[in-house]
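Going line by line, the protein sequences match chains A and B.
Position one of the first sequence corresponds to residue 1 (the numbering used here), numbered consecutively onward.
Position one of the second sequence corresponds to residue 233 (the numbering used here), numbered consecutively onward.
Ideal Cβ positions, reconstructed from N, Cα and C, are used throughout, including at glycine.
None of these values were measured; they are calculated from a predicted model.
Structure, as structure tokens:
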Amino acid sequence: MSHPQAASPGESLISLRKVSKSYTTPAGTWPALREVDLELAAGELVAVTGRSGSGKSTLLNLIAGIDRPSSGDVVVAGARVHEMPERALSPWRGRTVGVVFQFFQLLPTLTVAENVMLPMDFCDVLAARERRPRALELLARVGIADQADKLPAQLSGGQQQRAAIARALANDPRIVVADEPTGNLDSETAAVVMDLLCSLSDRGTTVIVATHERELAGIDRRVELVDGAAIR
Amino acid sequence: MTTAYRRKILRDLWRERTRTALVVLAIALGIAAFSGVLSAYAILTRELNRGYLATNPASATLFVDRLDDALVRALAEQPGIGEVEGRRSLRGRIKAGPGEWRNLQLFVVRDYADVRISRLTPQRGAWPPATGEMLVERDALQVVNARIGQEVKVRTPGGVERTLRVSGTVADVGQAQARMEQVVYGYVTLATLAELGEEPYLDQLKLLVAGDRMDEAHVRGVVEDVRRFVEARGGSVRRVDVPKPGQHPHADLMGLLLLLMASFGFFALALSGVLVVNLLTALVASQVRQIGVMKAIGGSDGRIAGLYLAQALVLGGAAFVVAVPAGLWGGRVLSHYLSVFLNFDIASFAVPAWVFVLSALVGLVVPVLAAARPVLRGVAVCVREALADNEVRSPGFGVSAFDRALAGVRGSSRPLLLSVRNSFRRRTRLVLTIATLATAGVFFMSALNVQTSLVRTIDRLLAARKSDLSVTLAQMVPLAQVERAIRRTQGVKGYEGWIVTEASPHAGGADRDRFTVVGLPADSRMLAPEIVKGRWLRPGDTRALVANDRLASRLAGFEPGAEVTLAMGPAQVSWQVVGIAREPFSPSVAYVPLAFFESQGHGGTTNSLRLTLDDAAAAAMPAAKERLDASLDAFGVRALTSSSRYDGRRGFDEHLLMIYVFLLVMSLVLGAVGGLGLMTTMSLNVLERRREMGVLRAIGASPFLVWRIVVVEGAAIGLMSGLLATLLAWPLSRGLGDLLVTLMFRTRLDFVFEPLGVLSWLAISITLGVVASFVPAWHASRHPVREALAHE
Chain A
1 MSHPQAASPG ESLISLRKVS KSYTTPAGTW PALREVDLEL AAGELVAVTG RSGSGKSTLL
61 NLIAGIDRPS SGDVVVAGAR VHEMPERALS PWRGRTVGVV FQFFQLLPTL TVAENVMLPM
121 DFCDVLAARE RRPRALELLA RVGIADQADK LPAQLSGGQQ QRAAIARALA NDPRIVVADE
181 PTGNLDSETA AVVMDLLCSL SDRGTTVIVA THERELAGID RRVELVDGAA IR
Chain B
233 MTTAYRRKIL RDLWRERTRT ALVVLAIALG IAAFSGVLSA YAILTRELNR GYLATNPASA
293 TLFVDRLDDA LVRALAEQPG IGEVEGRRSL RGRIKAGPGE WRNLQLFVVR DYADVRISRL
353 TPQRGAWPPA TGEMLVERDA LQVVNARIGQ EVKVRTPGGV ERTLRVSGTV ADVGQAQARM
413 EQVVYGYVTL ATLAELGEEP YLDQLKLLVA GDRMDEAHVR GVVEDVRRFV EARGGSVRRV
473 DVPKPGQHPH ADLMGLLLLL MASFGFFALA LSGVLVVNLL TALVASQVRQ IGVMKAIGGS
533 DGRIAGLYLA QALVLGGAAF VVAVPAGLWG GRVLSHYLSV FLNFDIASFA VPAWVFVLSA
593 LVGLVVPVLA AARPVLRGVA VCVREALADN EVRSPGFGVS AFDRALAGVR GSSRPLLLSV
653 RNSFRRRTRL VLTIATLATA GVFFMSALNV QTSLVRTIDR LLAARKSDLS VTLAQMVPLA
713 QVERAIRRTQ GVKGYEGWIV TEASPHAGGA DRDRFTVVGL PADSRMLAPE IVKGRWLRPG
773 DTRALVANDR LASRLAGFEP GAEVTLAMGP AQVSWQVVGI AREPFSPSVA YVPLAFFESQ
833 GHGGTTNSLR LTLDDAAAAA MPAAKERLDA SLDAFGVRAL TSSSRYDGRR GFDEHLLMIY
893 VFLLVMSLVL GAVGGLGLMT TMSLNVLERR REMGVLRAIG ASPFLVWRIV VVEGAAIGLM
953 SGLLATLLAW PLSRGLGDLL VTLMFRTRLD FVFEPLGVLS WLAISITLGV VASFVPAWHA
1013 SRHPVREALA HE
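Shown next as structure tokens:
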């Protein structure tokens, strides 16, 4: 499966202009991001680093359309995400952005294969009979095809995260965002997961990884956030 | 209780305010049902006795030949007599306009201005009735379909037909509801009786004893003295009635009905405890870390458990406050309904304090008891485990063999699989929710099953009675005379002449044990009862007796093969019991062969007719009755009453209506508790899975799809409860129906399982599931994705 609207390497796929995001809490208004400008190209593997509370997750949420900016423009794969109505965001996200979470967040009542097939069900990108073969192919790609019919609770943390990556790839999105994907894994398993994410960018997928770790092998760029501002 | 402690209790509940409100509402429903029935019980028992006793009900009634004033005056002077009054009652028939003839019980009072025993209360129109006028019991006006001022035709036992004017209505608390009995109670003077062609005399002595009126032995002693007094003066006493002192004839039935209702009210309250279990289990589970922190800073298990049990107490207290007005209103409505059913007035709806105290006690204790187990289990968690990360602490779905088996169930729709499997994640909660809702289903199906079964039972009873029309004659007449009249009557297909009399198991018997004896041809074509023991009458039998099951259960010794001696008039007659016939909802009856009466010199006579008609349709009955009356009149035979099979059916239906209403109301209350339980469960499920909803949205599920997943889960729970209710309904509704009918009518049901009930309840429970999950699903679908993902 290839991206239907694959951008040429180097072409801007994600564009953030003067994006700010503030949260109102009982303690007052808290700025999570301050006037961030960012251009990411297709096929890039980008690490977003910074301390806890620096705005990494907020940045990923804005790119994935999970959250909306307080001000500024977020344009992802040609879509002005900040202007999209809520009902249009879910299907757009399902097709365009794959999301990987720190705690895997596989749905516990579905088997691993069913978890991978779920985004295909949501977005109807494949005929029903093609979905399981596609899920098995993705699981094979991440090395856990033999776990396809198990429930997530029967898998190790590393296996669950690989399943989560397979799920993120279900609809062959142009972008994968991963929020601390190795934060809950031992170093050996974390390396395997990072290798997987690197291999995605090799195939033309833009991968944005939020992480505490400053030194990551294989990344194309690093965006560092300090108190909500991008310093490089 | 410290301020911080109190604030935590209230703020935790406030934080969960929607679910708190649902649980309070469910407990309130239970308390309202319980307190409503309890207050109705308090009102009705007090008012029934007060209203009934206020009429000065007779301690006893003696039926004599003819009363003269001197006897009454002399009796009044006798020791042991408080009050004495003469009365008379006759059976006849009444008709308003072109309507159907109805059976009439006509009461004759000498002086309406001086009624001291079994008093009547004027309701509307004139009082007292003038000559040529008649008062009608308030409930009976609709039976005869007349209005005040209207002229009605009255036919006396002597066959005389006169027109009387209905001048007003009275309340006669001692009479059963006219609609149920399908009898019109009328009240006239002696002068009116004379106008009706009857001799104007009285033949009943109503007594009010002096001394302890509530002591039945004392009453019977006085009655014996009066009997001897009357007989010493040359009179004869045909019969004596001594009712239970101070007790309305229907008081036992009402007490039983209310006891049943109170039991089910308590049951509804106990079920609402399930919601408390679910809410507090979820609350404690969501606060495990807080519990760990409280323990780490010195909180003991007891103190922390007290915190959560106090929340259950607050829930119960809030529910009590909400429930009391509803309970009082419900109690008032129920009291009114039953007072109409029992034909008495309620002077005061005041509810005694003990009702409030008991309702409060039960309303507070039930939630605390329900909360005890989940709270004690929840707070028993060790500090280390409580402070661990949620993901580490909770093993989640997929660990048990059941989970894995469930995962083996495949389907082409992952959202549907998600809905169905999600419903099994909190299995204790699921079981409690399904059980609560299934209980309502069992009651609902029971209501329909019992109704259908009652109809079937009555159908079978009436099917055993082959006659279309029953006619009671004013006296014994030669059968040949009746035959001539019937042969002249158009549309009569067949007939039999029976002899109906009374008997008592006691010598000189004249009390509540009296029952009807029916003499009929041993090869009768008009009756073919279901024989449950022994056999039916056979040609050649003379002293054989078949008792119906009511008689056999009431009096000892009525078993096939046994010999019983009965007092029949002045004679003692020995009988061989040969069989027991099943006659549900019937009074006590013994069937004997007509040959016995022939052997006693009553051969060829009859006082009761059974007829079959060419056209047995309900619409044809009034005309058939008219034709038969005219023919009998022409041959000098006086018909006292006549009843078609449809009249009998109407009476049964009126009696059984309260059972249907009771079961339906109970299923409504339980259904509401079950629905609220399901709503609480869905709300908790959604709350606990908020992050998963966020994940679903993050991987492409639209808000509508998330909504649909939750709603389908609710529908799946509804379906499961519907299926469970269906499985349980067969044995339970049969048991429930038998319990109700055995307690109230001392009979059992011909049980029928109504398939419509299953289909209806499946539809209702699925709809309830959808409705109950609608709002939680809407919230789940609208929750911002980022917040949902951040939810712990």
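Residue environment, residue i, which counts as buried when at least 16 other CB atoms sit within 10 Å
i: A1022 (chain B); result: exposed
i: V641 (chain B); result: exposed
i: H82 (chain A); result: buried
i: Q161 (chain A); result: buried
i: K18 (chain A); result: exposed
i: G967 (chain B); result: exposed
i: Y284 (chain B); result: buried
i: L242 (chain B); result: exposed
i: R770 (chain B); result: exposed
i: E188 (chain B); result: Residue 188 (chain B) is absent from the model: chain B starts at 233 and stops at 1024.
i: I263 (chain B); result: buried
i: H212 (chain A); result: exposed
i: R470 (chain B); result: exposed
i: D404 (chain B); result: buried
i: L96 (chain A); result: According to the sequence shown, residue 96 (chain A) is Thr rather than Leu. That one is buried.
Sequence-distant residues of the same chain with beta carbon closer than 8 Å to residue i, five excluded per side
i: R716 (chain B); result: F867
i: R881 (chain B); result: I690, L694
i: I231 (chain A); result: E224, L225
i: V597 (chain B); result: G548
Cβ-Cβ distance between residue i and residue j below 8 Å
i: T704 (chain B); j: L503 (chain B); result: no
i: A378 (chain B); j: V398 (chain B); result: yes
i: P816 (chain B); j: T665 (chain B); result: no
i: I208 (chain A); j: V48 (chain A); result: yes
i: L185 (chain A); j: G158 (chain A); result: yes
i: V112 (chain A); j: L139 (chain A); result: yes
i: M976 (chain B); j: F573 (chain B); result: no
i: S651 (chain B); j: V984 (chain B); result: no
i: L608 (chain B); j: A272 (chain B); result: no
i: H568 (chain B); j: I731 (chain B); result: no
i: A910 (chain B); j: L638 (chain B); result: Going by the sequence as given, residue 910 (chain B) is Leu instead of Ala. Contact: no.
i: R782 (chain B); j: S818 (chain B); result: yes
Own chain partners of residue i with C-beta closer than 6 Å, once the 5 adjacent residues on each side are dropped
i: L367 (chain B); result: P361, G400, V402, Y419
i: L746 (chain B); result: A small correction: the amino acid at residue 746 (chain B) is Arg; Leu does not occupy that position in the sequence shown. If we look at R746 (chain B) and ignore the five residues flanking it on each side, its Cβ neighbours are E734, S736.
i: R929 (chain B); result: V1017
i: K21 (chain A); result: A32, L33, T58, P69, S70
i: G741 (chain B); result: With a pLDDT of only 46 at G741 (chain B), under 50, the local geometry of the prediction cannot be trusted, and no value is derived from it.
i: V990 (chain B); result: T958
Sequence-distant residues of its chain with Cβ nearer than 7 Å to residue i (five each side left out)
i: V256 (chain B); result: L547, A550, A551, V554
i: P792 (chain B); result: K765, G766, V809, V810, G811, I812
i: H450 (chain B); result: V441, G443, D444
i: F1006 (chain B); result: V943
i: A274 (chain B); result: V583, P584, V587
Cross-strand partners of residue i (DSSP beta bridge)
i: I208 (chain A); result: A:V46, A:V177
i: G954 (chain B); result: DSSP output for G954 (chain B) lists no bridge partner at all.
i: Y23 (chain A); result: A:W30
Give me the subset of the segment 899–925 of chain B whose CB atoms are less than 8 Å from a CB atom of chain E, sorted by chain position.
Within the model displayed, chain E is absent; protein chains A and B are what it includes.
Under 7 Å (Cβ pairs) to chain A, residues found in the segment 650–678 of chain B
L650, R653, N654, R657
Residues, ordered as in the chain, of the segment 110–136 of chain A that lie near chain B by beta-carbon distance below 8 Å:
L110, T111, E114, M117, L118, P119, D121, F122, C123, A128
Just by C-beta distance, which residues in the segment 626–647 of chain B are closer than 8 Å to chain A?
P627, G628, F629, G630, V631, D635, R636, L638, A639, S644, S645, R646, P647
Taking beta-carbon pairs under 8 Å, can you tell me which members of the segment 22–35 of chain A lie near chain B?
none
Give me the subset of the segment 51–66 of chain A whose CB atoms are less than 9 Å from a CB atom of chain B, sorted by chain position.
S57, T58, N61, A64, G65, I66
Along the segment 932–957 of chain B, what residues have a CB closer than 7 Å to any CB found in chain A?
Flagged, chain order: G932, A933, S934, P935, L937.
Using a Cβ cut-off of 9 Å, which residues of the segment 571–591 of chain B contact any Cβ in chain A, in chain order?
Per Cβ criterion, the list is empty.
Against chain A: residues of the segment 513–544 of chain B by CB proximity under 8 Å:
none
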